[in-house]
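Worksheet: the structure to be examined is printed underneath.
Residue numbers (this note's numbering), protein chains in the order written: chain Y, 1 to 366; chain Z, 1001 to 1366.
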């Protein structure tokens, strides 16, 4: 992995991240394909939406897909027919958010699979092993994501467990795949400082801010990002996990973040919320019933080039999977286009103006 | 509408059907897009599958879409972004199969909408009006589809009502759109003879065999098709409604049928049943879990070119809409390719050999 910063604009940076499966321009938004696919979208859809990188979840792929890939000597990329970079999340977040009956020890977590009820043990070593088997371009350490709200004492215990697991993750990486550390510490600056400093000693290939977008007020998250993004190593990629709305992204870019992922474009798209430069459109609104205009007449995405708001609303009402797909395509394109405009604005010193536009469009109309 | 028979092979014919939105080679299989979309598939998917014609249901489009099209002076084709021919079914079949509380009179049918419970009155005149508003390339008369089994007396009453409605349908066509008659009469040859002869007097643009694939034994349906397909006017398109499996199609082609529609490729595809030249594959079978080969290594469809059986099975297990879509694409392509091979075999006098292959592949392994 190589990371090169091309241009700075205050704390914001545009750069190039070279990975095993290709180069990615930063700031980058990774589209989420939990199970190895962005729901309903094929590789061509994603390429047409200018997606440069996908995020997949080791948690959802560890029982079958990772073994298939390993046994048959192929990477996840080949399995899912996607030849561009993939970042894999380690599964820590999913273990704590999706599983019942989790039993935590220093060694790892025992939980019931929400798919089939099987008892599964997941450790830092196993999470890394799965990610290596998948041939991930960027692997994430296995950590515990503290709930919100949580007391200082419990957050400290959780953060220290995550640090222990960070060491185990690092030591168990028998591959040359890049591995990112994840700063935890909940909503407490002093705990995040400790987490960050210990992770810096472990010398990861990149650093993420984790444990955010877990229900805390926006202002609290923004304060933490504003404070901690600039403290992450300057010459390594900085990744804000699970964020977010367009205004959250552009604010974080201004603090120096390079990488993002979020379910919003796809999940909200499937539910009829569509992003435009003038804010969001809810396709389920009755006023679009007879509206033969596209979602955004200036948008060159496949959906806007071929389908009207009226048709999308009709398909959505009929529960046709094509509605979810076409609306996801529009939103994924919007997010990729947003990142492209953000990168351009850093390079031509107009980030302030773009930030103002984005924040106005989305915060006034949200 | 123009219909030209290019080549005959016993009763089978290959031909060209020229319609307002383009030419279609016959025998043709129309992919079903009930609500104006083939579930989950966009126009590009359909074109890549070599689909030449779609069937849409007036019943499902009459309350909103037909009015939008009429009010804004566009055709259904523009609304759904599909510029090739569309045949619209009149809604008769749906009224009787999907609706509760139907009240039938000589004038038409009153029923509760299964979508919203509204009381709807549908008459031959209204069914034609809706189809004209949609700008259909081929319209179907409004008729009653007799249930199976049904006594001779009740079937006669139903058939006579359908004949009455056929006259009303014909008389209410204020457009130049071609309108097809539908031969009814259930499983009774004498009633079908009466139906056919009366419809011939009305001089429709094409003729369909209706009231089949309603639960009767295959042999009974085959006998009726074998007997009645050749009696439909030679120089007009002959359409067998709601059929069927590959072996049913090729048998009907041998009897002289030119047009088909059926939910099998899409519905079965969504449920993991995939067609190949060697019979069907059920992707949910555990034996495909590690199978990195495509559904059919000789198939050039998008799905087979890019995804393995293992990946399709994984996506299907995860309930990702992409699974349903990719499997529909394969089956739609298979059906279009089947029709293409049927047409070629008529033209080069090898229909007997192809018929034998198809019947063996599907009847032995069903």
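A virtual CB, placed ideally from N, CA and C, is assigned to each residue, including glycine.
At which residues does the alpha helix (DSSP H) containing residue i begin and terminate?
i                       : result
residue 194 of chain Y  : 189-202
residue 1154 of chain Z : 1152-1171
residue 1094 of chain Z : 1092-1098
residue 59 of chain Y   : 58-61
residue 1129 of chain Z : 1124-1134
residue 1253 of chain Z : 1246-1255
residue 356 of chain Y  : 351-363
residue 323 of chain Y  : 321-347
residue 65 of chain Y   : 65-71
residue 80 of chain Y   : 76-80
residue 1269 of chain Z : 1264-1270
residue 1302 of chain Z : 1302-1306
residue 46 of chain Y   : 43-48
So residue i contacts chain Z; which residues on that side make the cut at Cβ distance below 8 Å?
i                      : result
residue 311 of chain Y : 1036, 1079, 1080, 1081
residue 320 of chain Y : 1035, 1037, 1039, 1040
residue 325 of chain Y : 1040, 1042, 1321, 1325
residue 290 of chain Y : 1068, 1071, 1072
Could you work out which residues of chain Y lie near residue i, taking near to mean beta carbons separated by less than 7 Å?
i                       : result
residue 1307 of chain Z : 81
residue 1065 of chain Z : 314
For residue i and residue j, which I take to be in contact (beta-carbon distance under 8 Å), what is that distance rounded to the nearest angstrom?
i                       : j                       : result
residue 1322 of chain Z : residue 272 of chain Y  : No, residue 1322 of chain Z and residue 272 of chain Y are not in contact; Cβ-Cβ is about 19 Å, not under 8 Å.
residue 27 of chain Y   : residue 258 of chain Y  : 5 Å
residue 1178 of chain Z : residue 1001 of chain Z : 4 Å
residue 255 of chain Y  : residue 230 of chain Y  : 6 Å
residue 292 of chain Y  : residue 281 of chain Y  : Not quite, the Cβ-Cβ distance comes to about 14 Å (not below 8 Å), so this is no contact.
residue 1173 of chain Z : residue 1128 of chain Z : 5 Å
residue 1141 of chain Z : residue 1182 of chain Z : 6 Å
residue 1224 of chain Z : residue 1212 of chain Z : 7 Å
residue 266 of chain Y  : residue 332 of chain Y  : 7 Å
residue 1358 of chain Z : residue 1247 of chain Z : 6 Å
residue 1095 of chain Z : residue 1148 of chain Z : Not a contact, Cβ separation roughly 17 Å.
residue 21 of chain Y   : residue 77 of chain Y   : 6 Å
residue 1371 of chain Z : residue 1278 of chain Z : Any question about residue 1371 of chain Z goes unanswered here, given that chain Z covers just 1001 to 1366.
residue 1191 of chain Z : residue 1125 of chain Z : Contact flag wrong, Cβ pair sits at about 25 Å.
Starting from residue i, trace the beta strand (DSSP E) in both directions and tell me its first and last residue.
i                       : result
residue 261 of chain Y  : 259-261
residue 313 of chain Y  : Premise fails: residue 313 of chain Y lies in the alpha helix (DSSP H), 309-317, not in any beta strand (DSSP E).
residue 1273 of chain Z : 1273-1276
residue 220 of chain Y  : Residue 220 of chain Y -> not in any beta strand (DSSP E); alpha helix (DSSP H) instead, spanning 218-228.
residue 9 of chain Y    : 2-9
residue 1106 of chain Z : Unbroken run through residue 1106 of chain Z: none, as it is neither H nor E.
residue 1018 of chain Z : 1012-1019
residue 137 of chain Y  : Unbroken run through residue 137 of chain Y: none, as it is neither H nor E.
residue 89 of chain Y   : 86-89
residue 1243 of chain Z : It is not in any beta strand (DSSP E) - residue 1243 of chain Z carries neither H nor E in the DSSP assignment.
residue 282 of chain Y  : 279-282
May I ask you to verify whether the segment 1027-1037 of chain Z touches the segment 1306-1320 of chain Z, counting CB pairs closer than 8 Å and requiring at least 3?
no
Does the count of Cβ pairs from the segment 75-93 of chain Y and the segment 110-121 of chain Y closer than 8 Å reach three?
no
Counting pairs of Cβ atoms below 8 Å between the segment 1224-1243 of chain Z and the segment 1208-1216 of chain Z, do you hit three or more?
yes
Contacting positions in the segment 11-22 of chain Y - beta carbon closer than 8 Å to chain Z
none
Pairing CB atoms from the segment 1047-1061 of chain Z with CB atoms from the segment 1333-1343 of chain Z, are three or more of them under 8 Å?
yes
So does the segment 98-108 of chain Y actually touch the segment 1346-1363 of chain Z, counting three or more Cβ pairs closer than 8 Å?
no
Give a yes or no on contact between the segment 133-150 of chain Y and the segment 56-67 of chain Y, applying the rule of three or more CB pairs nearer than 8 Å.
yes
Between the segment 179-197 of chain Y and the segment 154-166 of chain Y, are three or more C-beta pairs nearer than 8 Å?
yes
For the 8 Å Cβ check, are there 3 or more pairs between the segment 1005-1014 of chain Z and the segment 1297-1311 of chain Z?
no
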